[in-house]
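Here the structure is laid out as structure tokens; the discussion comes afterwards.
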Amino acid sequence: MKFVVSQDASTGLWFWQLRAAEGGSIARSHSGYRTREELLDSIHAIRAQAPRSLVFDLLGTLYEGV
């Protein structure tokens, strides 16, 4: 997996997209960041927190061992 970053030419906002090794989109930022530094801070936060993330279904049931 890899993060791909881009800047919107019309707004100047920065966005990230998480892509699979094959290139397909897995996730993307829903809001833009004013600076590249803010964007990179958000990517660092995701990478730091993801190993501790829990998995729930829409009813709030925790999936153990995921």
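The number in my numbering is simply the position in the sequence shown, starting from 1, with 76 added. The beta carbon of each residue, even a glycine, is placed where N, CA and C say it ideally should be.
Hey, out of the options, whose CA is closest to residue i's CA?
i: Glu98; options: Ala126, Ile122, Met77; result: Met77
i: Phe79; options: Leu89, Ser86, Thr87, Ala103; result: Ala103
i: Gly141; options: Ile122, Pro127, Leu134; result: Pro127
Indicate whether residue i and residue j have their beta-carbon atoms separated by less than 8 Å.
i: Ser82; j: Phe91; result: yes
i: Ser105; j: Ser118; result: yes
List the whole-angstrom C-beta distance separating residue i from residue j, where the pair is believed to meet the contact cut-off of C-beta under 8 Å.
i: Gly108; j: Thr87; result: 6 Å
Mapping DSSP to helix, strand and coil, what is residue i?
i: Ser118; result: helix
i: Ala97; result: coil
i: Ala124; result: helix
i: Arg110; result: coil
i: Leu130; result: coil
Among all the DSSP beta bridges, which residues are the ones paired with residue i?
i: Ser82; result: Phe91
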